[in-house]
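Single-structure report; data block below.
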Amino acid sequence: MGVTVEYTTELADLEATENFALAVAQQLKAGDVIILTGELGAGKTTFTQGLARGLGITATITSPTFVLARNHDHPAGGLNLVHVDAYRVTSGDELASLDLETLLEDSVVVVEWGRGLAEALTDAYLDIELQRPGAVTDELITDFSDDDVEEPRTVVMTGHGPRWEGSSIA
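At position 59 of the sequence shown (counting the first as 1) the number is 80 in my numbering, and the numbers step up by one without a gap.
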């Protein structure tokens, strides 16, 4: 499956990250999968909060680090949001055990730390990477705080598969 479209932009702060997510939400439909990548503090939770708001989800969005997945139902029957944290997931089988495919009919699925695992969920997905300047990514992570860091970041969004073919994703 090839890359069909790529978009890169600079985001000045967490508010810009949330606003970017609001814009992405307007393009989503049931069955869409977003693989969200970035080190701790990169803005993954802030992005997901903005995405939820853009979808009309009113629930409080926090990182599902210790529960692996949280389902957020739309209060008025719109698109639901499934928020997955795959940081401690070690195999595609473990991710498959969450049975996410059954939720795609009426949901958007966001999988944090899902690169290399979540691509098997669908034939088309968005890969969104939030990059912090100067961040170190290969150190042992012991602080699982979901506090995003207030600093500029770069977002690289890549659409894969037929769903995003010919699409302008930003």
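For glycine and all other residues, C-beta sits at the position ideal for the given N, C-alpha and C.
query                                                                                           : result
Given Val131 as reference, the closest of Ala51, Leu124, Val103 once Cα atoms are compared      : Val103
Closest residue to Gly59 among Ala73, Asn101, Asp148, Gly99 (Cα-Cα distance)                    : Asp148
Best match in Thr66, Ala117, Gln152, Pro154 for proximity to Glu140 [C-alpha to C-alpha]        : Ala117
Paired residues, beta bridge with Ser128 - DSSP                                                 : Asn101
Thr38 beta carbon less than 9 Å from that of Phe68                                              : yes
Reference Glu171; option with closest CA among Thr66, Gln47, Val45, Ala44                       : Thr66
DSSP state of Gln70 mapped onto helix, strand, coil                                             : helix
Thr58: first and last residue of the uninterrupted beta strand (DSSP E) it sits in              : 54-58
Residue(s) in a DSSP beta bridge with Ile149                                                    : Leu57, Met178
Best match in Arg174, Trp185, Pro183 for proximity to Leu61 [C-alpha to C-alpha]                : Arg174
Proximity of Gly71 and Asn40 at Cβ, strictly below 9 Å                                          : yes
At least three beta-carbon pairs within less than 8 Å, the segment 106-122 to the segment 27-38 : no
Start and end residues, beta strand (DSSP E) containing Ala117                                  : Looking at the DSSP string, Ala117 is not in any beta strand (DSSP E); the run it does join, the alpha helix (DSSP H), is 113-117.
Spatial distance of Asn101 from Leu121 (CA atoms)                                               : 12 Å
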